[in-house]
Each structure stands twice: as C-alpha cells, then as structure tokens.
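Here our numbering runs 369 ahead of the position in the sequence shown, where the first position is 1.
A virtual CB, placed ideally from N, CA and C, is assigned to each residue, including glycine.
Predicted model, so just to flag it, every value in this text is computed and none were measured.
What follows is a short report on a single structure.
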Amino acid sequence: MNVSTQVSVARRRAVIDALRRGAVPDSGLDLLATGLDRFEAALDAELDAVASGGSVFKAVRGEYGSGKTFFTRWLGERAKRRNFAVAEIQISETETPLHRLETVYRRLTERLATAAFPPSALRPVVDAWFYALEEDALADGASEEDLPAEVDGLLTARLAEVSRHAPSFATALRGYRNALASGDEATAAAVLAWLGGQPHVAAAARRAAGVRGDLDHFGALGFLQGLLTVLRDSGHPGLLVVLDEVETLQRVRSDARDKALNALRQLIDEVHSGRFPGLYLLITGTPAFYDGRQGVQRLAPLAQRLATDFTTDPRFDNPRAVQVRLPGFTLESLTGLGITIRDLYAAGADAPDRVKELADDAYVTDLARAVGGALGGKVGVAPRLFLKKLVGDVLDRIDQFPDFDPRAHYTLTVSGTELTEVERNLTADDVELDL
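Following this line, the structure appears as structure tokens:
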C-alpha cells in the first residue's frame, strides 16, 4: 500500500500518536487496513442492507493480537461514511454484564458517536430529531402557533410501534422537549439522562417528565427500538453496535454466564426477526469463546446460530457468513504493516529521506522478527508492541537526531511493564522478560 502524501496532517498525527502510545487509533484506519480488502465487498453490502431498513448480526473471531479491535473500528469508519451512528462497548462482568441489557443500552448511549459528534452524541441526535419533526410539520403547513401540537402528533406517529413495547420512551422525549421549552435546562438534562438509561435520576425530573423508576432489562430492547427510530429520522440510516471482548463471559460465575449467553441468543433472534431495522450488531471473541465448553457451546441454541465451517483453507472463508475469522499476523504481514506505517510517518516527517533510508524494508523486517522473538516467537501477539517500538523508539529518533542509526544505536528490549495482562499471560510460558 502506498501512503499518499495527500493525507491530512491531523489524520496522520492521530494515527501516529495512537501507535506511539501502543493503542489502536480511533480514526484513519483506512490508511492501515492491510489484509482487510477481502471483507470489504461483503461488509459494505451488509451496511447498505442495514441502511435500507434491514438488520445484521455478525460475529468476529480471532486470537489476541489478530486485530479484532482494529477490524471493528475500521468497520466503524466505513459505517460513519454512510452517516451511521456507532457505539463500541466493552463487555465486562462488573461494568457491563451482558445479561443486564439495561446496562448494555446505557453504555451504548454513553459511547454513541457520529461522524460529526464524539461520544456521547445522544443529545445532538435527539435535538436533530426534534428539528426534523418541526421541519416536517412546517412543510405540511403548520403555523407557528400550531407547531408544538403538530410536532407532538408527529412524535406520537413516528414512535407508535416503539410505544407498543416501551411507551415511556416517547413520554420521556416529550418531557425533555417541554423542559427545554420552559427554559429548565437541569430537568431537560436529567430527563435525557434517564432516556439514556442512566440510573438514579432525580425523582423531581422523572415526575416532571411523567416517567417512573429506572430502565430494566426488558425495557432496554424497546428503548433500542426507539433510538433507532430517532437516529433514522435525524439523518442516520443505521447504528453499528460493537460488543467487544465477549470472551470475558468465560470467566464469570456459571449462573451469570448462562444468563449472558441466553441474552446474546435473544439479541440475535430479535435482530433476525426484524425488530431492529437499521441495526448492525457485531460481537468479537476468541476461538476459545466460540468453540470451548465455557463459551458459546454451553448453550446449544446459541451455538447453532453461530455455527460456521472453518475447516477449509482460510483463503476460502466466506465473508458473508454469520461468523468470520481474522487469521492473525504472520512475520510477512506484520512487516507489511510496519512498512505502511513507516511510509505514513515519513510523509509527515521533518527528515523523510533519512527515515526511509535508515528504517528501510530490511530493517523493518528485522525489527518485526526481533519483537516476535522477544515474545517467545508468538508473532500474533506482537502487532501492538511492534508498532509502538517502531514509532516511538525508532522512527521518532531517526527523525529528530541526525546521527542516530537504529542498527548501531538501538537494541530492542521488552519489559514486563510494557505488556498488557493478556500479553504477559500469553508469553509467560515461553520467555522470561526483562522486568
């Protein structure tokens, strides 16, 4: 991949800064998307189907370091280019247990983002929805005096299906608008928080809006329907929801695990039933989660829904299948990614020629091999650390110090403090790190 010099300074900096920290960039992933072209046609077709009122469920499998987070954020960028909203949620036993869908919905609204607004974009989306209702009412001939009543009528009509399952969603929206109209910003903000699934909203604000209690597990599905309606009418034809790290379910108590697996089965069935037009739901997990006895296989109906044939050569994997696998990095693909990053860096460097000369393809290959060796030969674990070392230890120094030569002045070291807990666990049996 040849990195264009036309890449904006801001996009380049955002990508390089994230890699320097050892993190997956939040944007600009199309610049690094080596090896994902085989998925593009199928995923774009699914996004288009969702934008047309369909719904899709997708499962992504891959070992640690195979690029699951990269893949989901890359897909998120493609979704945002279609004006989708996107929410990335980390599943966690303590913070976001999957069997409590009201918590998942709350995290969704907290993490909701659009191309124009970072998380949480809930308020801009709701405000845009009311603006769209006003515009529609005026287009239908409503006068300024009649506008509030006409907007309320449109609200009722647009949310009619949602109100069959969750009438309080429409009630809360009315309460939010009334509070704004009366200049009560505190109540408006509190009602919107309640609409986003936040608990412990002041009783006075709930009374003012005409709603009671907190959102529960079953109400969360109705609220998700309502959110999809609001998104669509405010110019966002779809919502991509990523449930990341669902393999953590394997480590929770058996009763909570069974509830979570059943909740996932329920979500998949609801998506396939057509209840959530405009929803693209994606989960990520390790092969052990999909194939092991403590994961999906523990619930036969869920295993049946996710069953996919991976016995053939990975070259012939079906990107349209309900479950797709990321093959993970080899030394060759890791080197290719490193060269892409080197070229991206050089395009904005103070000394681009020196960067390309001293960090040539052969050196990038040697560094990739060395990082993999330091991690017990597990190249698949290496991408995050390799890119962090390449940018922060090598490219930055070449760019800043004219007399720095990485072959002469840099010796790779990997300390335990640089590794995540998962990386330490994956390499512990193979190599003693310099602690």
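In angstroms with no decimal places, state the Cα-to-Cα distance between residue i and residue j.
i, j, result
"R407", "V610", "22 Å"
"T681", "A484", "38 Å"
"E471", "V733", "47 Å"
"G607", "P536", "22 Å"
"P568", "R475", "9 Å"
"G423", "V376", "34 Å"
"D583", "I385", "42 Å"
"S396", "F698", "21 Å"
"F499", "F770", "56 Å"
"A557", "R575", "10 Å"
"R644", "V724", "53 Å"
"L739", "P775", "Just to set this straight, residue 739 is Ala in the shown sequence, not Leu. Those two C-alpha atoms are separated by around 13 Å."
"L528", "A383", "39 Å"
"L675", "L507", "48 Å"
"V378", "A411", "31 Å"
"A428", "I637", "10 Å"
"P488", "R634", "28 Å"
"G661", "H534", "36 Å"
"F426", "R546", "34 Å"
"I652", "K758", "30 Å"
Under a Cβ-count criterion, where at least 16 other Cβ atoms within 10 Å of its own Cβ denotes burial, should residue i be classed as buried or exposed?
i, result
"T525", "exposed"
"G579", "exposed"
"Q673", "exposed"
"G749", "At G749 the pLDDT is 49, less than 50, meaning the model places this residue with poor confidence; the figure from the coordinates comes in the next sentence. With 16 or more Cβ atoms within 10 Å of its Cβ, G749 is classed as buried."
"V599", "buried"
"D686", "buried"
"Q813", "Outside the shown range of the chain, which is 370 to 804, sits residue 813, and nothing can be said about it."
"V640", "buried"
"E432", "buried"
"E530", "exposed"
"D585", "exposed"
"R390", "exposed"
"V520", "buried"
"E513", "exposed"
"A550", "exposed"
"R601", "buried"
"T704", "buried"
"S623", "exposed"
"F587", "exposed"
"A573", "exposed"
"P394", "buried"
"G654", "buried"
"G544", "buried"
"A414", "exposed"
"D684", "This sequence places Arg at residue 684; Asp is not what is there. Exposed is the call here."
"A518", "exposed"
"R808", "Given a span of 370 to 804 for the chain in the structure shown, any question on residue 808 remains unanswerable."
"E457", "buried"
From this set, the options, which residue's C-alpha is nearest residue i's C-alpha?
i, options, result
"K628", "R667, A577, A383, G654", "R667"
"A448", "D496, H605, L597", "H605"
"G566", "G552, A589, N547, D553", "A589"
"V665", "V615, T704, P696", "V615"
"R620", "A555, A454, E462, K437", "E462"
"L481", "A716, L612, E514, P683", "L612"
"A690", "F698, D678, E701, P696", "D678"
"E504", "L781, P688, F658, L523", "L523"
"L706", "L401, P394, L695, A383", "L401"
"P688", "E409, A392, G404, A559", "E409"
"L477", "A383, F592, A715, L633", "F592"
"R380", "A411, E446, G404", "E446"
"L695", "L564, K437, L597", "K437"
"L618", "Q635, D638, F658, L636", "F658"
"N452", "L444, I458, Q459", "L444"
"A325", "R450, I460, I652", "The requested residue 325 is not part of the displayed model; the chain covers only 370 to 804."
Can you check whether the CB of residue j is closer than 8 Å to the CB of residue i?
i, j, result
"Y779", "V763", "yes"
"F439", "L388", "no"
"G741", "L713", "no"
"E768", "A718", "Checking the sequence, you will find Asp at residue 768 rather than Glu. Yes."
"G434", "R753", "yes"
"A539", "S532", "yes"
"T465", "V473", "yes"
"T709", "T403", "yes"
"L467", "A632", "yes"
"V570", "A562", "yes"
"A737", "F755", "yes"
"A501", "S603", "yes"
"L630", "L564", "no"
Does at least one heavy atom of the ligand SAH sit under 7 Å from the Cβ of residue i?
i, result
"E504", "Within the structure as shown, the ligand SAH is missing, as the structure has no ligands at all."
At a Cβ threshold of 8 Å, is residue i touching chain C?
i, result
"P771", "This model lacks chain C altogether, as it is built from one protein chain only."
message: Three or more C-beta pairs under 8 Å: does that hold for the region 487-495 against the region 646-657?
response: no
- prompt: Can at least three beta-carbon pairs, one atom from the region 412-425 and one from the region 725-741, be found at a separation below 8 Å?
  reply: no
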